[in-house]
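J.:
There are 2 protein chains.
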Amino acid sequence: MSLETRPLRKDAELNRQRILAAAGELFAEAGLHVTLDAVAERAGVGVGTVYRRFPDKEALIDALFEDRIDAVGAIAEQACAMDDAWAALVFFFDRAISLHGEDRALKELVFSTAHGQDRVAQARGKLKPIVSRIVVRAQEAGELRPDIDITDVPLIQLMLTAVMEYTHDVSPDAWRRYLAVVLDGLRTGGAQTPLPAAALTDEQLDGAMARGLRPPRR
Amino acid sequence: MSLETRPLRKDAELNRQRILAAAGELFAEAGLHVTLDAVAERAGVGVGTVYRRFPDKEALIDALFEDRIDAVGAIAEQACAMDDAWAALVFFFDRAISLHGEDRALKELVFSTAHGQDRVAQARGKLKPIVSRIVVRAQEAGELRPDIDITDVPLIQLMLTAVMEYTHDVSPDAWRRYLAVVLDGLRTGGAQTPLPAAALTDEQLDGAMARGLRPPRR
DNA sequence: GAGCAAGTGGAGGACATATCTCCGTTTGCT
DNA sequence: AGCAAACGGAGATATGTCCTCCACTTGCTC
Numbered sequence: 001m002s003l004e005t006r007p008l009r010k011d012a013e014l015n016r017q018r019i020l021a022a023a024g025e026l027f028a029e030a031g032l033h034v035t036l037d038a039v040a041e042r043a044g045v046g047v048g049t050v051y052r053r054f055p056d057k058e059a060l061i062d063a064l065f066e067d068r069i070d071a072v073g074a075i076a077e078q079a080c081a082m083d084d085a086w087a088a089l090v091f092f093f094d095r096a097i098s099l100h101g102e103d104r105a106l107k108e109l110v111f112s113t114a115h116g117q118d119r120v121a122q123a124r125g126k127l128k129p130i131v132s133r134i135v136v137r138a139q140e141a142g143e144l145r146p147d148i149d150i151t152d153v154p155l156i157q158l159m160l161t162a163v164m165e166y167t168h169d170v171s172p173d174a175w176r177r178y179l180a181v182v183l184d185g186l187r188t189g190g191a192q193t194p195l196p197a198a199a200l201t202d203e204q205l206d207g208a209m210a211r212g213l214r215p216p217r218r
Numbered sequence: 001m002s003l004e005t006r007p008l009r010k011d012a013e014l015n016r017q018r019i020l021a022a023a024g025e026l027f028a029e030a031g032l033h034v035t036l037d038a039v040a041e042r043a044g045v046g047v048g049t050v051y052r053r054f055p056d057k058e059a060l061i062d063a064l065f066e067d068r069i070d071a072v073g074a075i076a077e078q079a080c081a082m083d084d085a086w087a088a089l090v091f092f093f094d095r096a097i098s099l100h101g102e103d104r105a106l107k108e109l110v111f112s113t114a115h116g117q118d119r120v121a122q123a124r125g126k127l128k129p130i131v132s133r134i135v136v137r138a139q140e141a142g143e144l145r146p147d148i149d150i151t152d153v154p155l156i157q158l159m160l161t162a163v164m165e166y167t168h169d170v171s172p173d174a175w176r177r178y179l180a181v182v183l184d185g186l187r188t189g190g191a192q193t194p195l196p197a198a199a200l201t202d203e204q205l206d207g208a209m210a211r212g213l214r215p216p217r218r
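So the sequence lines, in the order shown, correspond to chains H and C.
The numbers in this note's numbering rise by one with no breaks, and the one at position 166 of the first sequence is 166.
The numbers in this note's numbering rise by one with no breaks, and the one at position 101 of the second sequence is 101.
Here it is in structure tokens:
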């Protein structure tokens, strides 16, 4: 960074904000594959403007997710602060997965090293010990089965984001049903929690299938 | 169809077989997104040859999966024939998911209506009552929790194929670990089965993340 | 309020990917 | 031998994405 970065002209700064906002929305809705042309359109500026402000897509992504990536960290810490060890684990899963549902780009960043390697790797590094504490605590409390490992956590999240992505448009909460099943499988004691969401109807399932797997390809 | 379809010249018939074989391999490995050019190359013929034999990609897919699509049906019936209701359910999940792992195109066909609507819809129609029997039987035996619905079955499969796809290259069996957890969550009684596969090591997890989500885009 | 650097828009160049066609050449069959 | 069938693969067509270029506009400074 240069020591003397003169401030942007006020119209330019306004456009910069518009671009960031538009990109935030679009990435959250559709994932990182959206084009900068699309971002420009939504922001109401020309493509050229986007490219002068952000040399390429990576730069925009970086600027955008600088903080958002550790929203997950905040959730984890919030969970850590809870008294009940099991409730903390449930809270963490529920909130973290739900976050990935609201923001598709975030999910893509978390589950892939393809973009912004540094920043994400760093965020993961910070996250790991906290999640580890949540897991270990639940195990020590005798609530979480002992053969679960920290590396299981992201994969469990992945499973549920897959359901979420698939069913999102026909039944946005359906994933909670499957999270409940998984949590029952993770918990010692064998009590079964009532499933918090209804099963899909046949029509809903057809609807989900109709849109099929992986919308990324537009 | 014409009543008198004269047989193909023998070289042409040979090529037809080669094309089907190549397409079968490639689709299984990489999914339905592979180009017919790629199929032609693997088959050792020109693209033109592929297109004379199969008017378009859909036709090729149709010809290929005419039977393969109800391999799942076969598994379901095999499961139905088993004595132990719970074991039947476990068997069905294990084999069906594992099939999706071996054949990516099959998975895409099953979870999306985008291709070959008719044939797949038909296959699903046949499959449903059989799966329903497996589910109901396990519930009547008091082994499967009663609040599970038939529509839950495909979504559970989906969850696990997501894990499988993600971890396939670093630990091909990891998905069985999560299937075990899910099954424990589905079963009444609360006994916990030992997890049949090791958790991913940190390095394996990194490896999975490095290749990231959704390879379809090559 | 003049002048100029900073900023802007968006057409379009460069490149990549996919589907499918066309036609000069080769090959099997009778 | 001769001809219809089959072949290969260059390339037409279409679509999509990234990014550049430059004639024009706008805010800021003196």
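Positions of the beta carbon are idealized from the N, C-alpha and C atoms, including for glycine.
Would you tell me roughly how many angstroms separate the C-alpha atoms of H/Thr201 and C/Thr49, rounded to the nearest one?
T.: Within the first sequence, the letter at position 201 stands for residue 201 of chain H. Within the second sequence, the letter at position 49 stands for residue 49 of chain C. Cα to Cα, the separation comes out at about 45 Å.
J.: Determine the DSSP secondary structure at H/Leu195, reduced to helix, strand or coil.
T.: Taking the first residue of the first sequence as 1, we reach residue 195 of chain H at position 195. The answer is coil: DSSP assigns H/Leu195 none of H, G, I, E or B.
J.: For C/Ala74, count neighbouring Cβ atoms within 10 angstroms of its own Cβ and tell me buried if that reaches 16, exposed if not.
T.: One-based indexing of the second sequence puts residue 74 of chain C at position 74. By the 10 Å Cβ count, C/Ala74 comes out exposed.
J.: I want to see whether chain H comes within less than 9 Å of C/Val160, judged by CB atoms only; does it?
T.: Against the second sequence, residue 160 of chain C aligns to sequence position 160. Residue 160 of chain C is actually Leu in this sequence, not Val. By this cut-off, C/Leu160 is an interface position.
J.: So is H/Arg6 buried or exposed if we call it buried at 16+ other beta carbons inside 10 Å?
T.: Here residue 6 of chain H refers to the residue found at position 6 when the first sequence is read from its first residue. Exposed: under 16 other Cβ atoms inside 10 Å.
J.: What residues in its chain sit with their C-beta under 7 Å from that of H/Ala23, if we drop five residues either side in the sequence?
T.: Counting from one through the first sequence, the residue named residue 23 of chain H turns up at place 23. Cβ within range, chain order: Val39, Leu60, Leu64.
J.: Quick check on DSSP: helix, strand or coil for H/Arg18?
T.: Here residue 18 of chain H refers to the residue found at position 18 of the first sequence. Looking at H/Arg18 - three-state DSSP - the assignment turns out to be helix.
J.: Excluding the five sequence neighbours on either side, which residues of its own chain have a C-beta within less than 8 Å of the C-beta of C/Met159, listed in chain order?
T.: Mapped onto the second sequence, residue 159 of chain C falls at position 159. The answer, listed in chain order, is Tyr178, Val182.
J.: Can you say whether H/Lys107 is buried or exposed, counting buried as having 16 or more other CB atoms within 10 angstroms of its CB?
T.: Numbered from 1 along the first sequence, position 107 holds the residue referred to as residue 107 of chain H. It counts as buried.
J.: Measuring CA to CA, which of H/Ile97, H/Ala121, H/Val120 is closest to H/Pro172?
T.: Position 172 of the first sequence holds residue 172 of chain H. The option with the nearest alpha carbon to H/Pro172 is H/Ile97.
J.: Quick check: H/Ile156 and H/Phe111, are their CB atoms within less than 9 Å of each other?
T.: For this step, residue 156 of chain H is matched to residue 156 along the first sequence. For this step, residue 111 of chain H is matched to residue 111 along the first sequence. Taking 9 Å as the Cβ cut-off, H/Ile156 and H/Phe111 do not qualify as a contacting pair.
J.: With a threshold of 9 Å between beta carbons, is C/Arg176 in contact with chain H?
T.: The residue given as residue 176 of chain C occupies position 176 in the second sequence. So, not an interface residue.
J.: Taking all protein chains shown into account, decide if H/Glu165 is buried (16 or more other Cβ within 10 angstroms of its Cβ) or exposed.
T.: On the first sequence, position 165 is the one that residue 165 of chain H refers to. With 16 or more Cβ atoms within 10 Å of its Cβ, H/Glu165 is classed as buried.
J.: Would the stretch 131-148 of chain C and the stretch 129-144 of chain H be scored as touching if the rule is three or more Cβ pairs under 8 Å?
T.: Short answer: they don't touch.
J.: Ordered along the chain, which non-local residues of its own chain (more than five positions away) have a Cβ less than 8 Å from that of H/His100?
T.: What you label residue 100 of chain H is simply residue 100 of the first sequence in a count that begins at 1. So the qualifying residues of the chain are Leu106, Lys107, Val110, Gln157, Thr161, Met164.
J.: Return the bridge partner residues of H/Leu144 from the DSSP annotation.
T.: Here residue 144 of chain H is taken as the residue at index 144 of the first sequence, counted from 1. Paired residues: H/Arg187.
J.: Under 7 Å between beta-carbons, which chain H residues line up against C/Val163? List them in chain order, please.
T.: Here residue 163 of chain C corresponds to residue number 163 of the second sequence, with the count starting at 1. Going along chain H in sequence order, the residues near C/Val163 (Cβ under 7 Å) are Leu155, Leu158, Met159.
J.: Among the candidates H/His33, H/Val47, H/Ala76, whose CA atom is the shortest distance from the CA of H/Glu58?
T.: Working through the first sequence from its first residue, we reach residue 58 of chain H at position 58. Measuring from the Cα of H/Glu58, the nearest candidate turns out to be H/His33.
J.: From what residue to what residue does the alpha helix (DSSP H) around C/Phe93 run?
T.: The residue labelled residue 93 of chain C in the question sits at position 93 within the second sequence. Its alpha helix (DSSP H) spans residues 85-102.
J.: Short check: CB of H/Thr151 to CB of C/Ala210, under 9 Å?
T.: Against the first sequence, residue 151 of chain H aligns to sequence position 151. Against the second sequence, residue 210 of chain C aligns to sequence position 210. For H/Thr151 and C/Ala210, no; Cβs fall outside 9 Å.
J.: H/Val135 to H/Met82, Cα distance in whole Å?
T.: By 1-based counting over the first sequence, the position of residue 135 of chain H is 135. By 1-based counting over the first sequence, the position of residue 82 of chain H is 82. About 13 Å.
J.: Return the residue from the list H/Thr193, H/Asp62, H/Glu29, H/Gly190 that minimises the CA-CA distance to H/Arg219.
T.: No information on residue 219 of chain H is available, as it lies outside the stretch 1 to 218 that chain H covers here.
J.: By how many angstroms is the C-alpha of C/Arg52 removed from the C-alpha of C/Gln17?
T.: Along the second sequence, one-based indexing puts residue 17 of chain C at 17. Along the second sequence, one-based indexing puts residue 52 of chain C at 52. Their backbone Cα atoms lie some 14 Å apart in a straight line.
J.: Which chain C residues sit within Cβ distance under 7 Å of H/Leu195?
T.: Numbered from 1 along the first sequence, position 195 holds the residue referred to as residue 195 of chain H. In chain order: Asp147.
J.: Which same chain residues end up closer than 8 Å to H/Thr167 when comparing Cβ atoms and leaving out the 5 residues on each side of it in sequence?
T.: Mapped onto the first sequence, residue 167 of chain H falls at position 167. For H/Thr167, where only same-chain residues beyond five positions count, the Cβ hits under 8 Å are Ala174, Trp175, Leu200, Gln204, Ala208.
J.: Determine the direct distance from the alpha carbon of C/Ala85 to that of C/Pro146, and round the result to whole angstroms.
T.: Reading the second sequence from its first residue, position 146 is the one you call residue 146 of chain C. Reading the second sequence from its first residue, position 85 is the one you call residue 85 of chain C. The alpha-carbon atoms of C/Pro146 and C/Ala85 are separated by roughly 14 Å.
J.: Using only the alpha-carbon positions, how far apart do C/Ile19 and H/Gly212 sit?
T.: Against the second sequence, residue 19 of chain C aligns to sequence position 19. Against the first sequence, residue 212 of chain H aligns to sequence position 212. Approximately 27 Å between the Cα atoms of the pair.
J.: Does any residue of chain C have a CB that is nearer than 9 Å to the CB of H/Leu3?
T.: On the first sequence, position 3 is the one that residue 3 of chain H refers to. Low confidence applies to H/Leu3: its pLDDT is 43, below 50, so where it sits in the model is not reliable enough to give any reading.
J.: Count the other CB atoms within 10 Å of the CB of H/Gly31; is the residue buried (16 or more) or exposed (fewer)?
T.: Residue numbering aside, residue 31 of chain H sits at position 31 when the first sequence is read from its first letter. So H/Gly31 ends up on the buried side.
J.: At the 9 Å Cβ level, is H/Ala12 part of the contact set with chain C, yes or no?
T.: Residue 12 of chain H sits at position 12 when you count from the first residue of the first sequence. Not closer than 9 Å to any Cβ of chain C, the Cβ of H/Ala12 fails to qualify, so no.
J.: Have a look at H/Ala191 and C/Leu89 and give me their C-alpha separation to the nearest angstrom.
T.: On the first sequence, residue 191 of chain H is found 191 positions in, with the first residue counted as 1. On the second sequence, residue 89 of chain C is found 89 positions in, with the first residue counted as 1. Spanning the two alpha carbons is a distance of roughly 21 Å.
J.: Using a Cβ-Cβ cutoff of less than 6 Å, which residues in the same chain neighbour C/Phe54 once the five nearest sequence positions on both sides are dropped?
T.: Taking the second sequence and counting its residues from 1, the one referred to as residue 54 of chain C is at position 54. Counting only Cβ-Cβ distances below 6 Å, and skipping sequence neighbours, we find Leu60.
J.: In chain order, what residues of the stretch 101-117 of chain H put their CB closer than 7 Å to some CB of chain C?
T.: Answer in chain order: Glu108, Phe111, Ser112, Thr113, Ala114.
J.: Suppose contacts are defined by Cβ-Cβ distances below 9 Å. Is C/Asp184 in contact with H/Gly44 by that definition?
T.: Within the second sequence, the letter at position 184 stands for residue 184 of chain C. Within the first sequence, the letter at position 44 stands for residue 44 of chain H. Contact flag unset, no.
J.: For C/Thr35, which of helix, strand or coil comes out of DSSP?
T.: As a working mapping, residue 35 of chain C is identified with position 35 in the second sequence. Correct three-state label for C/Thr35: coil.
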